[in-house]
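Residue numbers (the working numbering): 75 to 286.
Even glycine gets a Cβ: it sits at the ideal position worked out from N, Cα and C.
Remember, predicted model here, so these are calculated numbers, not experimental data.
Have a look at the structure below before the remarks.
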């Protein structure tokens, strides 16, 4: 009886490990297939074949392709946000000018979100125009970035480097500009490299935040 219980327990543990591995494989398959062939051109069966998991496991983990797509976006967005936050918390950043600070912020962000070309294409190109649900998910992230960048604009005001005003609208426009430039990179990664993106994002940000 003890042996049967042990087998059942080991079987349950083995199934749990298999499901954990399946999720990772499905995420990797999504990055590769959505990034190479597009979200619209990739079905669940193809994802499962690439990940070597049955369809019912996909449905348990993600319910739909849209949920997988949003999970892939979250990976890239979280990686970028953490990189930017870490850059701002680095030693000496509090003494930097707004120009230096913004450049370092975007340098860290751009390097983080573009290190995997397939993931970048999925996050900045394939998510566009998919559905209202995906659009709402992206809007939640945009609101977070608007708050983040608005705090940087307010810091510039406190330092006397920007005019005191409501920067929310300006930062909202800036955030959309960031999305457009990242989508441009996602479509043409060899033509639009990380250094160019950092330069352009820094230039736009300073022009909008520091303008009188």
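Shown here for residue 245: same chain residues with a beta carbon closer than 7 Å to its own, the five before and five after excluded, namely 220, 223, 224 and 227 in chain order.
Within 10 angstroms of the beta-carbon of residue 237 lie fewer than 16 other beta-carbons, which makes it exposed. In summary, residue 123 is exposed, with fewer than 16 beta-carbon neighbours lying within 10 Å of its beta-carbon over all protein chains present. Under the three-pair Cβ rule at 8 Å, the region 182–197 counts as touching the region 251–265.
For the region 111–169, the continuous alpha helix (DSSP H) assignments of 4+ residues that do not extend past its boundaries occur at 118–125, 129–136 and 139–162, in sequence order. Counting C-beta pairs closer than 8 Å gives three or more between the region 130–141 and the region 202–213, which meets the contact rule.
Considering only 106, 110, 105 and 133, the residue with the shortest C-alpha distance to residue 118 is 133. In the assembly as shown, residue 202 is an exposed residue. Its beta-carbon has fewer than 16 other beta-carbons within 10 Å. In the structure shown, residue 226 falls within a helical segment according to DSSP collapsed to helix, strand and coil. Residue environment analysis places residue 279 among the buried positions, since at least 16 neighbouring C-beta atoms fall within 10 angstroms of its C-beta. The residue among 184, 283 and 216 with its C-alpha nearest the C-alpha of residue 270 is 184. Distance from the CA atom of residue 284 to the CA atom of residue 230, rounded to whole angstroms, is 8 Å.
Burial state of residue 281 is exposed, judged by a 10 Å Cβ sphere holding fewer than 16 other Cβ atoms. For residue 153, same chain residues with a beta-carbon under 6 Å away, outside a window of 5 residues either side, are 186 in chain order.
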